[in-house]
Amino acid sequence: MSCSTEAHEPAPRPAAAATCSAPVVSNQPDTHEALLEVVDKHARSHYSRPVSAHQRACFARLDQRVREHGGPVILDSGCGVGESTVAIADCFPDHLVIGIDKSATRIDQALKRAPTSRAMIARGDCIDIWRLAAAAHWPVTHHYLLYPNPWPKAKHLKRRWHGHPVFPALIRLGGRLELRTNWLIYAREFELAVSRFDLATTPAATLAPGTALTPFERKYRASGHPLYRLTCDLPAATRTLTGDRG
Ligand SMILES: C[S@@+](CC[C@H](N)C(=O)[O-])C[C@H]1O[C@@H](n2cnc3c(N)ncnc32)[C@H](O)[C@@H]1O
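See below:
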């Protein structure tokens, strides 16, 4: 299992039984033809979807904890059952690690995983929490996006993180972003989307064999899927769109 950089190798955790999973099937042969247009449009506009009182309350609890901690923060967005959140906290003893997922069922399981004082689990919607956290300038040093839902149908481009209007907020959060996916087109689109902010990712590379960091990683490995990983160092205040400087 590798949390990210080569320097951090947490002890393997007991593996839950892995079920099989079908490979991603898409009607897209390659990156989406409208990708750059969509990313640029989102980069130029202000995403104004109102944040619900529930999400604000969730953020306020997290924000209080971030302030109490007073040190570096790691996000595990779409943390599922929180296995990665706890493993990442083991890797980074000085950081507060926040796992966020919108699924009540998965968060219930994550909470049973006995979060430590530095691994906090929250049921929240990244679409709201990211915007609030970016505005609050959380000191995010690492951000994990581990196997986000691929939304492989072409018509669902805007549901993928890089095609969603919240993507500029994800960029503004900063930190070393790590994406893992079992769909190469998702990784390639992500690379292209990041490039529109004058930033570069590492090229999407095949994830080396090793102990799984998450249940989905375990399931995909057991099913023989190739897995892809890319990283990107995001400066905290990057807002410039390629070709859009005043
Ligand atoms: C494919 S699962 C991967 C879970 C985990 N990272 C893993 O690898 O085992 C994707 C997760 O993202 C969560 N998710 C999707 N959209 C979300 C959102 N807007 N906010 C928070 N979580 C979200 C889902 O609930 C789900 O648990």
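For the sequence shown, position 239 (counting from the first letter as 1) is numbered 239 according to my numbering, and the numbering increases by one without interruption.
A virtual CB, placed ideally from N, CA and C, is assigned to each residue, including glycine.
The structure presented is a predicted model; accordingly, all values stated were derived computationally and were not measured.
Beta-carbon proximity list for residue i, same chain, < 6 Å, skipping 5 on both sides
| i | result |
| --- | --- |
| H69 | L96 |
| V51 | D128 |
| L177 | H143, C232, L234 |
| W138 | V66, V73 |
| F190 | H162, L179 |
| P165 | H42, Y47 |
| T201 | E191, V194, L230, C232 |
| S223 | C20, S21 |
| A236 | G174 |
Bridge partners - residue i, DSSP secondary structure assignment
| i | result |
| --- | --- |
| Y144 | D76, E178 |
| G99 | D76, I121 |
| C232 | L177 |
| A205 | R229 |
Whole-Å CB distance - residue i paired with residue j, under 8 Å assumed
| i | j | result |
| --- | --- | --- |
| K153 | N27 | 6 Å |
| E83 | Y147 | Contact doesn't hold; Cβ gap of about 12 Å is too wide. |
| R113 | V81 | 7 Å |
| A204 | R221 | Not a contact, Cβ separation roughly 17 Å. |
| H32 | L157 | 5 Å |
| C58 | A122 | 6 Å |
| A290 | D63 | As displayed, the chain neither begins before 1 nor continues past 246, which places residue 290 out of reach and without an answer. |
Cβ-heavy atom distance, residue i to ligand 1, below 8 Å
| i | result |
| --- | --- |
| S52 | no |
| L163 | At residue 163 the sequence reads Gly, which differs from the Leu that was named. Incorrect: G163 has no Cβ contact closer than 8 Å to ligand 1. |
| N27 | no |
| V140 | no |
| R160 | no |
| F190 | no |
| Y260 | Residue 260 is absent from the model: the chain starts at 1 and stops at 246. |
| Y186 | no |
| S178 | According to the sequence displayed, residue 178 carries Glu and not Ser. For ligand 1, not one heavy atom lies less than 8 Å from the Cβ of E178. |
| R106 | yes |
| C126 | yes |
| T19 | no |
| V81 | yes |
| Y147 | yes |
| S84 | yes |
| T202 | no |
| S77 | yes |
| I121 | no |
Exposure label - residue i; buried when at least 16 CB within 10 Å
| i | result |
| --- | --- |
| C79 | buried |
| G99 | buried |
| Y47 | exposed |
| P168 | buried |
| A7 | Low per-residue confidence applies at A7: pLDDT is 38, beneath 50, and the placement is therefore not dependable, though the value from the model is reported in the following sentence. A7 comes out exposed. |
| H42 | buried |
| H54 | exposed |
| D108 | exposed |
| D76 | buried |
| R182 | For the record, residue 182 in the displayed sequence is Asn; it is not Arg. Counting Cβ neighbours within 10 Å, N182 comes out buried, since at least 16 surround it. |
| G124 | buried |
Neighbourhood of residue i by C-beta distance below 7 Å, restricted to the same chain and skipping five residues each side
| i | result |
| --- | --- |
| I207 | Here residue 207 turns out to be Leu, not Ile, going by the sequence shown. Hits under 7 Å: R180, L227, Y228, R229. |
Contacting residues, own chain, Cβ-Cβ under 8 Å from residue i (five flanking each side not counted)
| i | result |
| --- | --- |
| T116 | V86, A89 |
| V25 | P152 |
| L35 | L157, H162, G163, E189, L192, A193 |
Residue-chain proximity (residue i, chain D), Cβ-Cβ < 9 Å
| i | result |
| --- | --- |
| L192 | Absence of chain D from the displayed structure is noted, only one protein chain being present. |
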